[in-house]
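Colleague: Have a look at the structure that comes next, please.
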Amino acid sequence: MNPKVKWPVHFTSKVHCPEKISKGILCDPGDNLNNYIQANNGIVFGSNIELGPGVAIISSNHESNNLRKHIKGKPITIGNNVWVGANSTVLPEVSIGNNVIIGANSLVNKDIPSNSIAVGNPCKVIKQKEPYTEKFSETVFNKKTPTRFDSFLGFKK
Numbered sequence: 004m005n006p007k008v009k010w011p012v013h014f015t016s017k018v019h020c021p022e023k024i025s026k027g028i029l030c031d032p033g034d035n036l037n038n039y040i041q042a043n044n045g046i047v048f049g050s051n052i053e054l055g056p057g058v059a060i061i062s063s064n065h066e067s068n069n070l071r072k073h074i075k076g077k078p079i080t081i082g083n084n085v086w087v088g089a090n091s092t093v094l095p096e097v098s099i100g101n102n103v104i105i106g107a108n109s110l111v112n113k114d115i116p117s118n119s120i121a122v123g124n125p126c127k128v129i130k131q132k133e134p135y136t137e138k139f140s141e142t143v144f145n146k147k148t149p150t151r152f153d154s155f156l157g158f159k160k
């Protein structure tokens, strides 16, 4: 169903334009149930991203007078250590910072700053989030991680 995608995708999910997606480690967009990832304008995922079931990330809209054409725009960016709750939708040109939780059923139509918990339709920051505490330097991976992720993982150079 997603033959061009180079990471695991659940059979109920769809990833359009995977070649326009860049991603860190601990991040497999579309690996949960019923995810819809459309990257016509590109999507930049950080590391340690979790998408709940039913999440849609849509990087471009259609032109209103020609539904076969997409409107060009900047890519969506999602930082490190982000959890997007079930059935949420992220709309074009949005930037989500690092260490963010997006509540279930949210519609993200504006940028969300780092260290935030945001919910609703439209999505709004409701409180500041405490620092992320998981120590990836203690994690045992089943294969060698690329050296470009050493600083994210907490390895000394």
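Residues are numbered in this note's numbering as their position in the sequence shown, beginning at 1, plus a constant of 3. For every residue, glycine included, the Cβ atom is placed at its ideal position computed from N, Cα and C.
(1) Which runs of the beta strand (DSSP E) at least 3 residues long sit entirely within the stretch 97 to 155? Give them in chain order.
(2) Is any non-hydrogen atom of the ligand NAP found closer than 6 Å to the C-beta of K75, if you look at the structure I gave you?
(3) Would DSSP call K17 helix, strand or coil?
(4) Do the CB positions of V111 and S119 come within less than 7 Å of each other?
(5) Excluding the 5 residues preceding and the 5 following H65 in the sequence, name in chain order all residues of the same chain whose CB lies nearer than 8 Å to its CB.
(6) Report yes if the C-beta distance between S91 and D114 is below 7 Å; otherwise report no.
(7) What residues are listed by DSSP as bridge partners for A59?
(8) Going straight from the alpha carbon of S25 to that of K17, what length do you get?
(9) Would you check if the distance between the CB atom of S140 and the CB atom of F158 is smaller than 7 Å?
(10) In this structure, does DSSP put K23 in helix, strand or coil?
(11) Opposite I74 in the DSSP bridges: which residues?
(12) So, at 8 Å on beta carbons, what are the nonlocal neighbours of T148 in its own chain, with the 5 sequence-adjacent residues on each side left out?
(13) Based on the DSSP secondary-structure assignment, which residues constitute the bridge partners of L29?
Modeller: In this structure, then:
(1) 103 to 105, 119 to 122 and 127 to 131
(2) The ligand NAP is not part of this structure, which contains no ligands at all.
(3) strand
(4) no
(5) Correct list, in chain order: R71, K72, H73 and I74.
(6) no
(7) As DSSP reads the structure, A59 sits in a beta bridge with Y39 and T92.
(8) 16 Å
(9) yes
(10) helix
(11) Paired residues: none, contrary to the question.
(12) I28 and L156
(13) Looking at the DSSP assignment, L29 forms no beta bridge with any residue, so it has no partner.
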